[in-house]
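Student: full-length UniProt numbering puts the first residue of the sequence shown at 1, with every later residue one more than the last.
Have a look at this one before I ask anything.
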Amino acid sequence: MSFDGRSSEMATVDVLVVGAGPVGITAAIALAEKGVHVRIVDSNLAPVILTKASGTQARTLEQLPERVVAAMQAGSVTALMARVWENTDQGKAAVLSIDMRGRTDTFEGVLAQEQWRTEKVLSEYFETLPGVRGRMKIERGTKLVSFEADDLGVTCELDTPAGKQMLACGWLLAADGGRSTIRKALGLSFDGETMDENFLALHATFDGLGECCWSDGIHTTEVGLSKGSGMAPGLFFSMPMPEDSPRAQLLIVDLDEAQSASFLTGEADSHGRPLLRPPRDDEVAEIARVRGFGTSELRVVPGSVKWCTGFKVNSRLVEHYRSDRVFLCGDACHCHSPLGGQGMNMGMQDALNLAWKLAMVVRGQARIDGPLLDTYEAERRGTDERICRAIERAAHGAASRNPLVFFIRGSLQRLAGMLPALHGTAVRAVAMQIHSYRDCALSREHWERPPAFPPLPVSRIFPAGGYRRRQNLYRWVGHRIRAGDRLPNFDLPGAQQGLPARRLYPYNHGWMLLLCEGYAHENADLARNLSSVKILSAAELNALGKEIKSYSRGVIETVVTLPASHPALEVLGVQAQCLMLVRPDSHVALRSEPARLGSVLRYLESAVGVKGLSWDRAGCPPSSPRFDYLPVVVWASVAAAAVAIQLRRWPR
Ligand SMILES: Cc1cc2nc3c(=O)[nH]c(=O)nc-3n(C[C@H](O)[C@H](O)[C@H](O)COP(=O)(O)OP(=O)(O)OC[C@H]3O[C@@H](n4cnc5c(N)ncnc54)[C@H](O)[C@@H]3O)c2cc1C
């Protein structure tokens with residue numbers, strides 16, 4: 001690649017990723033796997049061994065390459081229960097227990113391991129990718145010093161172990177963490193708040209845990225809220241850690257003023273984080289014990305503290321995720337309380353959302369000035385903002401020392417404990433499987449209505465009106481997977497698709513076209529009311545899928561046909577014959593009923609900006625709006641006329 005006006009001696013690359021934390025490496029993998037020439041640099045000389053993000057959620061795991069997931073599973077434990085404890089004068093009681101088993105349709109529970117292990121697995125995978133192995137490594141000790149972006153690319157100044165280097169790249173990806181220099185250089189505001197409380201996080205092995213952290217032989221992640229004699233009002237949060245399980249835990253506690261004063265030095269490190277004096281094992285145990293963690297016999301195994309840090313919780317969101325040719329993702333865009341284990345997961349999903357879009361543009365499949373790249377900010381900032389706000393509310397509620405808040409919070413938790421119907425939604429929310437891009441520009445639905453005027457025979461006018469009403473009701477309130485939703489997991493039909501019989505996830509392919517045969521009586525209704533629609537058999541649908549794929553200029557990689565007997569139709573909320581176009585990050589992009597070549601190609605051209613598509617545009621009627629004004633105006637006029645006639649007849 002060359003960029004106009006730049007020295008021919010300057011190194012060039014499609015995308016430069018700055019920051020080799022979990023987010024940057026995920027982005028580099030996803031880009032390199034799609035054939036993008038990528039470089040990834042990090043200012044640290046060597047990987048940093050920190051426990052930090054210990055929980056990886058189902059939605060992240062299902063999008064990662066299978067080899068990465070297998071390596072992560074091999075070195076981790078999985079927390080399958082979540083429990084909330086209340087510690088008061090009356091003793092210690094579990095007010096809410098949630099069993100995470102069977103609640104998500106891919107990975108159960110929360111996979112727990114130290115962040116440095118996750119980063120190690122990701123780096124090893126990246127460095128052994130076919131286009132990367134032997135040619136490239138994560139460039140450590142290399143710092144982005146400055147950059148300048150223009151219409152054609154970004155010129156970056158790198159400080160490398162071998163000296164200064166200038167690099168021309170098409171796109172710059174800032175995964176440089178919460179103190180992002182790129183965000184600051186762009187002048188983007190990072191508004192939000194810093195909570196008053198000081199927190200302490202530590203990774204250690206404990207004796208005397210009692211019932212804590214382990215329930216009927218399964219690992220639990222726990223939240224404890226304490227007040228009363230012998231207890232320091234506040235909270236703890238724990239997550240099992242792989243080695244020495246279940247005794248090894250990542251524990252986060254908030255410190256009250258007295259504890260802060262005795263434990264923190266009052267000084268700050270270069271990042272502004274409060275500096276701790278090295279904690280003694282007995283101090284660590286005491287702080288945890290007075291929060292109700294473990295039993296009164298709680299003891300830290302001597303020499304077992306692997307990581308201990310103090311921090312304040314920031315809750316912030318960047319103003320924009322994109323500035324022309326520079327994109328931000330991960331902690332560079334958002335930060336919040338670590339309770340709930342979402343931060344790294346959100347960042348990795350930012351990276352996965354952006355990577356396929358950027359790859360389509362870099363590879364020349366999608367127009368550079370098209371709408372695709374702008375959808376990154378709309379989709380991810382909206383989702384991240386909702387998560388940040390929810391965590392912010394929960395963090396304030398959990399950290400409050402007000403006795404009334406303690407009482408209301410405990411009552412609500414007890415009530416939630418008695419309503420297991422809520423548990424599934426709560427687990428799927430934490431697993432991040434409920435997030436949808438429904439209202440975003442890349443999510444579209446194509447529906448057709450019966451013609452409003454002749455040639456519709458008069459006898460068909462009322463049935464067609466009824467069909468349209470049913471269709472709209474189903475669109476508004478019907479239980480169905482909509483454009484923007486995550487595609488649920490189901491068994492793919494086997495060999496006839498040329499695919500091995502397997503579950504959809506771990507999902508690791510490009511765009512997928514899903515053709516659904518639909519149920520016979522719904523198909524008959526569809527054909528009766530939309531005269532231009534021909535209902536296809538499963539084999540004909542498959543042929544249509546292949547035709548659409550051949551027209552898609554390499555965008556669609558997989559075609560799957562679901563026959564009427566397939567149980568997934570129920571999960572997807574399919575009625576009549578339809579198709580779904582599924583994005584590489586497994587969100588439904590287009591839902592089209594009926595299944596038409598034209599609706600897919602029109603979508604790819606207008607919503608995605610795919611170049612060079614050609615098809616018979618007349619072959620696909622326009623999509624119908626959700627609301628028809630004409631019949632409403634006609635019926636309202638008829639009703640108004642009837643009322644007027646009645647009023648005239650009324651005796652005065
Ligand atoms: C106690 C604690 C517990 C947590 N638990 C969880 C959890 O359970 N689950 C979860 O999802 N999240 C959790 N998090 C949050 C998680 O750690 C972060 O969200 C995650 O590290 C963000 O990753 P990142 O790649 O965006 O940034 P980082 O991990 O901060 O990586 C940024 C990288 O960029 C590099 N860099 C910065 N500037 C430059 C430059 N100019 N040039 C080159 N390199 C540069 C840095 O050296 C660094 O390696 C927790 C955090 C804490 C503190």
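Note that beta-carbon positions come from the ideal geometry of N, C-alpha and C, so glycine has one too.
Return yes when at least one heavy atom of ligand 1 lies under 8 Å from the C-beta of Phe311, else no.
Tutor: Residue mapping note: residue 311 aligns to position 311 of the sequence shown, counting from 1. Yes, since a heavy atom of ligand 1 falls inside the 8 Å radius drawn around the Cβ of Phe311.
Student: Let me check one thing: in DSSP terms, what residues is Pro240 bridge-paired to?
Tutor: Position 240 of the sequence shown, counting from 1, holds the residue named residue 240. Beta-bridge pairing links Pro240 to Gln249.
Student: Just mark Pro506 as buried or exposed, buried being the case when its beta carbon has 16 or more other beta carbons within 10 Å.
Tutor: The residue labelled residue 506 in the question sits at position 506 within the sequence shown. Pro506 should be labelled buried.
Student: For a minimum of 4 consecutive residues, which ranges assigned as the alpha helix (DSSP H) are wholly contained in the stretch 166-208?
Tutor: Counting whole runs of 4 or more residues, the stretch 166-208 contains the alpha helix (DSSP H) stretches 181-186.
Student: Please name the residue, chosen from Arg482, Ala538, Lys306 and Met81, that lies closest to Val430 on a Cα-to-Cα basis.
Tutor: Translated into the one-based positions of the sequence shown, residue 430 becomes position 430. That would be Met81, whose Cα lies nearest to the Cα of Val430.
Student: Mind checking who Arg626 pairs with in its DSSP beta bridge?
Tutor: Numbered from 1 along the sequence shown, position 626 holds the residue referred to as residue 626. BP columns for Arg626 are empty, so no partner.
Student: Where does Gln496 sit, in a helix, a strand or coil, going by DSSP?
Tutor: Within the sequence shown, residue 496 is the residue found at index 496, counting from 1. Note that Gln496 scores a pLDDT of 49, beneath 50, so its modelled location is shaky; the value from the coordinates is reported in the next line. Helix at Gln496.
Student: Look at the alpha carbon of Ala644 and the alpha carbon of Trp635, and state the distance between them as a whole number of angstroms.
Tutor: The residue you call residue 644 lines up with position 644 of the sequence shown. The residue you call residue 635 lines up with position 635 of the sequence shown. Distance between the alpha carbons of Ala644 and Trp635: 14 Å.
Student: Enumerated in chain order, which unbroken segments of the alpha helix (DSSP H) with a length of 4 residues or greater are wholly contained in the stretch 114-174?
Tutor: Runs found: 115-127.
Student: Please list, in chain order, all residues of the same chain as Arg277 whose beta carbon is under 7 Å from its beta carbon, the five residues on each side excluded.
Tutor: Here residue 277 refers to the residue found at position 277 of the sequence shown. Cβ within range, chain order: Thr265.
Student: Roughly how many angstroms separate the alpha carbons of Gly417 and Ala248, rounded to a whole number?
Tutor: For the purposes of this step, residue 417 is identified with residue 417 of the sequence shown, where counting begins at 1. For the purposes of this step, residue 248 is identified with residue 248 of the sequence shown, where counting begins at 1. Going by the C-alpha atoms only, they are around 27 Å apart.
Student: Could you tell me which residues DSSP pairs with Ala94 in its beta bridges?
Tutor: As a working note, residue 94 is residue 94 in the sequence shown. Answer is Trp85.
Student: Could you give the C-beta distance for Ala520 and Ala564, rounded to a whole number, given that I count them as a contact under 8 Å?
Tutor: Here residue 520 refers to the residue found at position 520 of the sequence shown. Here residue 564 refers to the residue found at position 564 of the sequence shown. Yes, Ala520 and Ala564 are in contact; Cβ-Cβ is about 7 Å, under 8 Å.
Student: Identify whether Arg17 lies in helix, strand or coil by the three-state DSSP scheme.
Tutor: Numbered from its first residue, the sequence shown carries residue 17 at position 17. Looking at the sequence shown, residue 17 is not Arg but Val. It is a strand residue.
Student: So what does DSSP say about Ala395, is it helix, strand or coil?
Tutor: Counted from its first residue, the sequence shown places residue 395 at position 395. The answer is helix: DSSP assigns Ala395 an H, G or I state.
Student: Taking one C-beta from the stretch 18-35 and one from the stretch 156-173 each time, how about it: are there three or more such pairs within less than 8 Å?
Tutor: Enough Cβ pairs lie closer than 8 Å, so yes.
Student: Look at the alpha carbon of Ile434 and the alpha carbon of Arg280, and state the distance between them as a whole number of angstroms.
Tutor: The count along the sequence shown starts at 1 and reaches residue 434 at position 434. The count along the sequence shown starts at 1 and reaches residue 280 at position 280. Rounded to the nearest angstrom, the two C-alpha atoms are 42 Å apart.
Student: Exposed or buried, Pro130, counting other C-beta atoms within 10 Å across all chains shown (16 or more means buried)?
Tutor: Within the sequence shown, residue 130 is the residue found at index 130, counting from 1. So Pro130 ends up on the exposed side.
Student: Name the two residues that bound the continuous alpha helix (DSSP H) containing Trp476.
Tutor: Looking up residue 476 in the sequence shown gives position 476. Looking at the DSSP string, the run of the alpha helix (DSSP H) that includes Trp476 is Ile461 to Val477.
Student: Determine, for Met166, whether the minimum Cβ-Cβ distance to residues of chain C falls below 9 Å.
Tutor: The displayed structure is made up of one protein chain only, and chain C is not part of it.
Student: Would Tyr629 be called buried (16 or more neighbouring beta carbons within 10 Å of its own) or exposed?
Tutor: By 1-based counting over the sequence shown, the position of residue 629 is 629. Classification for Tyr629: exposed.
Student: According to the neighbour-count rule (16 or more other Cβ atoms, all chains shown, within 10 Å of its Cβ), is Met166 buried or exposed?
Tutor: The sequence position of residue 166 within the sequence shown is 166, counting from 1. Exposed is the call here.
Student: What does a CB cutoff of less than 7 Å around Gln496 pick up in its chain, not counting 5 residues either side in sequence?
Tutor: Position 496 of the sequence shown holds residue 496. Residue placement at Gln496 cannot be trusted, given a pLDDT of 49 that sits under 50; what the coordinates show is reported in the next sentence. Nothing listed; no residue qualifies.
Student: Enumerated in chain order, which unbroken segments of the alpha helix (DSSP H) with a length of 4 residues or greater are wholly contained in the stretch 528-571?
Tutor: Whole alpha helix (DSSP H) segments, 4+ residues: 538-551.
Student: Ends of the beta strand (DSSP E) at Trp307?
Tutor: Numbered from 1 along the sequence shown, position 307 holds the residue referred to as residue 307. Taken as a continuous stretch (DSSP letters only), the beta strand (DSSP E) holding Trp307 covers Trp307 to Val318.
Student: Below 6 Å CB to CB, which residues in the same chain sit around Glu522 once its five sequence neighbours on both sides are set aside?
Tutor: As a position in the sequence shown, residue 522 is number 522, starting the count at 1. Excluding sequence neighbours, Glu522 sits near Gln575 and Ala576.
Student: Is Trp511 near Leu442, with beta carbons less than 9 Å apart?
Tutor: Taking the sequence shown and counting its residues from 1, the one referred to as residue 511 is at position 511. Taking the sequence shown and counting its residues from 1, the one referred to as residue 442 is at position 442. Going by C-beta atoms, Trp511 is not nearer than 9 Å to Leu442.
Student: For Gly109, I'd like the list of residues in its chain whose CB is within less than 6 Å of its CB, leaving aside the five on either flank, ordered along the chain.
Tutor: Position 109 of the sequence shown holds residue 109. Correct list, in chain order: Thr78, Ala79, Leu80 and Met100.
Student: Hey, out of Gly545, Ala71 and Ser238, whose CA is closest to Thr51's CA?
Tutor: Here residue 51 is taken as the residue at index 51 of the sequence shown, counted from 1. The shortest Cα separation from Thr51 among Gly545, Ala71 and Ser238 belongs to Ser238.
Student: Pull up the distance between the alpha-carbon of Ala390 and that of Val633, whole angstroms please.
Tutor: Walking along the sequence shown from the start, residue 390 turns up at place 390. Walking along the sequence shown from the start, residue 633 turns up at place 633. Looking at the two C-alpha atoms, the distance is approximately 42 Å.
Student: The alpha helix (DSSP H) with Arg602 in it runs from where to where?
Tutor: For the purposes of this step, residue 602 is identified with residue 602 of the sequence shown, where counting begins at 1. From DSSP, the alpha helix (DSSP H) with Arg602 extends over Leu597 to Tyr603.
Student: My output table needs one value for Glu445: the three-state DSSP class, helix, strand or coil.
Tutor: The sequence position of residue 445 within the sequence shown is 445, counting from 1. Strand.
Student: Please state the DSSP three-state secondary structure of Thr106.
Tutor: Against the sequence shown, residue 106 aligns to sequence position 106. Residue state, collapsed to three classes: coil.
Student: Please state if the CB of Gly234 and the CB of Arg291 are separated by a distance shorter than 9 Å.
Tutor: Sequence index remark: in the sequence shown, residue 291 carries index 291 (1-based). Sequence index remark: in the sequence shown, residue 234 carries index 234 (1-based). Yes.
Student: Tell me whether the beta-carbon of residue 679 lies closer than 9 Å to the beta-carbon of Cys516.
Tutor: Residue 679 falls outside the range modelled here, since the chain spans only 1 to 652, and no answer is possible.
Student: Does His521 come out as helix, strand or coil in the three-state DSSP assignment?
Tutor: Here residue 521 refers to the residue found at position 521 when the sequence shown is read from its first residue. Residue state, collapsed to three classes: helix.
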